[in-house]
Ligand SMILES: Cc1cc2nc3c(=O)[nH]c(=O)nc-3n(C[C@H](O)[C@H](O)[C@H](O)COP(=O)(O)OP(=O)(O)OC[C@H]3O[C@@H](n4cnc5c(N)ncnc54)[C@H](O)[C@@H]3O)c2cc1C
């Protein structure tokens, strides 16, 4: 019997596991308990799908490519837009309850750079929570083995991926090492936002999938493209609460400490300019000490329409009807990742990737808002189908070894903090050759100071992925999409292709 192993329990991993378990035994390994540690549960804006009467997959695809800086994979975009309606119908059939209009039809929201109302949402701004709840509920009723452990290595036979090695913490400073073999391994470990000191991503988003795939020799692509969200609530929390872009769709305005609009003179589209342009405006205003903030005071029924944002503001002792909300640009989404084809297959036999850790090419150099949950669902279906059709064998081994009781792990927190600060300062919203080289030198120093004590830790993954992102950013001597170089501020046709990277 062919077996599959899925790493990660966000939208991508859960959706792959659910589909595959109809055909083969599936093991799902995740770092945190189900429902925790997945960016999916934090998604506020919604899921894009061309299901409105005035909409079409062609229009959705065109909008997606318009913001992608010329690097989208056209065929992957067509797949995304065309297969969206079917995937949405399936999650509704599973029990997802999206918000509806008074006539019972799906309520469709509008977001910046979408030319039609096509954003499905649930509970106002709690879409990800509802999607995750639905998928987890289905997974709990399915014949899927769930192991809570952190995968830190891919097992290889030649260049074929045959399983994973993981570490499970048992409490009382005890841990065990698990080696799990399978015929198909799917990495669905999410993004890498937590590499940056300002981020909206959960702490589990340390780019593990990219690090694991890189060490195994898989091809990587588009690593320099990290999207920064312009409106993370800057009240000293880590991760930073997100103020959804839908707020600006409803008329919220970015202002500085003196109440002056940040966007009015910067872009004709004002506050509805594309995310990367707004993120740079907010970042520069922060550097200039202008204390950027989002003014939502005039939005009626705020608490009712944006309950999550309202609760975050109140938790920070801010009242959205009286106070402007301080914001900063924060690492939010990684367009780059493990190179995959339209069926999620990586360059290594036995290895597939799905969700944010994969790079299907749908987003190009910049992601259109609300396309990533959709990407996870659409490509999860394709990954599962490809595995069903092509994976062979009957590999099904699990080895568990108790690890010696630790005598206190070295405290790596200071290094962790340092890597994140370097990434935000030098590999962040605006980079240049000097800052990128400085980051690489800093990583050399940190690695030298650490010696071997950090191997197989999240910190080792962060250092490797940080290094890979900085290297990719250094090689792209132009500005495009989310990648902005101070020393090369213009887009250059000589760089009008996706950039591949291999670690070995
Ligand atoms: C605050 C916020 C708001 C967002 N809003 C939207 C939105 O409105 N619309 C939209 O389309 N997108 C949105 N996004 C982006 C979207 O949520 C993510 O891109 C998407 O959910 C990624 O899904 P995923 O399954 O790939 O990863 P995740 O949902 O992040 O899941 C990753 C899983 O992998 C596990 N994992 C990680 N490393 C390991 C390891 N080494 N071993 C074992 N398990 C591991 C994690 O614990 C987790 O279970 C938002 C993101 C954030 C952070």
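Numbering (the numbering used here), first residue to last: 1 to 504.
Using N, Cα and C, we set each Cβ at its ideal position, and we do this for glycine too.
Model, not experiment: these values are computed from the prediction.
Straight-line gap, residue i to residue j (C-alpha atoms, nearest Å)
i	j	result
residue 294	residue 414	32 Å
residue 252	residue 105	27 Å
residue 324	residue 260	12 Å
residue 108	residue 117	5 Å
residue 130	residue 59	27 Å
residue 334	residue 223	8 Å
residue 327	residue 291	8 Å
residue 95	residue 174	39 Å
residue 274	residue 67	8 Å
residue 46	residue 89	15 Å
residue 402	residue 31	18 Å
residue 262	residue 475	31 Å
residue 244	residue 319	17 Å
residue 191	residue 423	15 Å
residue 195	residue 206	6 Å
residue 19	residue 26	10 Å
residue 464	residue 81	33 Å
residue 343	residue 421	36 Å
residue 79	residue 63	14 Å
residue 249	residue 119	12 Å
residue 99	residue 91	14 Å
residue 535	residue 42	Since the displayed the chain opens at 1 and closes at 504, residue 535 lies outside it and no answer follows.
residue 372	residue 214	22 Å
residue 159	residue 340	16 Å
residue 457	residue 211	11 Å
residue 434	residue 427	10 Å
residue 254	residue 369	18 Å
residue 289	residue 281	12 Å
residue 70	residue 365	7 Å
residue 40	residue 147	19 Å
residue 362	residue 404	45 Å
residue 350	residue 466	26 Å
residue 296	residue 303	11 Å
residue 136	residue 93	14 Å
residue 380	residue 6	11 Å
residue 208	residue 162	18 Å
residue 177	residue 153	11 Å
residue 479	residue 87	35 Å
Cβ neighbour criterion (16 or more within 10 Å) applied to residue i
i	result
residue 322	exposed
residue 170	exposed
residue 462	buried
residue 247	buried
residue 300	exposed
residue 417	exposed
residue 285	buried
residue 102	exposed
residue 477	exposed
residue 485	buried
residue 298	exposed
residue 75	exposed
residue 65	buried
residue 451	exposed
Inter-residue CB distance, residue i and residue j (contact presumed, cutoff 8 Å)
i	j	result
residue 387	residue 4	6 Å
residue 188	residue 168	Going by Cβ atoms, the distance from residue 188 to residue 168 rounds to 19 Å, so no, they are not a contact pair.
residue 279	residue 329	4 Å
residue 472	residue 499	6 Å
residue 35	residue 132	6 Å
residue 48	residue 114	7 Å
residue 412	residue 459	5 Å
residue 436	residue 468	Between residue 468 and residue 436 the Cβ distance is about 12 Å, and since that is not below 8 Å, they are no contact.
residue 124	residue 305	6 Å
Residue ranges of each beta strand (DSSP E) within the stretch 245-312, 3 or longer
The DSSP assignment places 253-255 and 293-295 as complete runs of the beta strand (DSSP E) inside the stretch 245-312, in order along the chain (cut-off: 3 residues).
Is it true that the stretch 436-449 meets the stretch 194-206, where meeting means three or more beta-carbon pairs spaced less than 8 Å apart?
These segments do not touch.
Touching or not, the stretch 370-377 and the stretch 226-244, by the rule of three or more beta carbon pairs under 8 Å?
No, the stretch 370-377 is not in contact with the stretch 226-244.
For the stretch 133-147 and the stretch 46-55, state whether three or more C-beta atom pairs, one from each stretch, are separated by less than 8 Å.
With the cut-off at 8 Å, the stretch 133-147 and the stretch 46-55 do not touch.
Segments assigned beta strand (DSSP E), at least 3 residues, entirely inside the stretch 195-243
Fully enclosed beta strand (DSSP E) runs of 3 or longer: 226-233.
Every unbroken alpha helix (DSSP H) within the stretch 2-30, with a cutoff of 4 residues, ordered by chain:
Listed in chain order, the complete alpha helix (DSSP H) runs (minimum 4 residues) inside the stretch 2-30 are 11-20.
Whole alpha helix (DSSP H) runs in the stretch 82-126 with 4 or more residues, listed along the chain?
DSSP runs (the alpha helix (DSSP H)) wholly in the stretch 82-126: none.
What beta strand (DSSP E) runs, 3 residues minimum, are completely inside the stretch 342-369?
If only complete runs of 3 or more residues are kept, the stretch 342-369 shows the beta strand (DSSP E) at 351-353, in order along the chain.
When you compare the stretch 301-318 with the stretch 153-173, are there three or more beta-carbon pairs, one atom per stretch, that lie closer than 8 Å?
Flag = no, the stretch 301-318 and the stretch 153-173 do not touch.
Under 8 Å: do the stretch 177-194 and the stretch 388-396 share three or more Cβ pairs, one atom per stretch?
Yes, since at least three Cβ pairs between the stretch 177-194 and the stretch 388-396 fall closer than 8 Å, the two stretches touch.
Take every Cβ of the stretch 272-287, pair it with every Cβ of the stretch 353-363, and state whether three or more of those distances are shorter than 8 Å.
Below 8 Å, too few C-beta pairs join the stretch 272-287 and the stretch 353-363 to call them touching: fewer than three.
Inter-stretch contact at 8 Å, needing at least 3 Cβ pairs: the stretch 211-219 / the stretch 480-498
Taking 8 Å as the limit for Cβ pairs, the verdict is that the stretch 480-498 does not touch the stretch 211-219.
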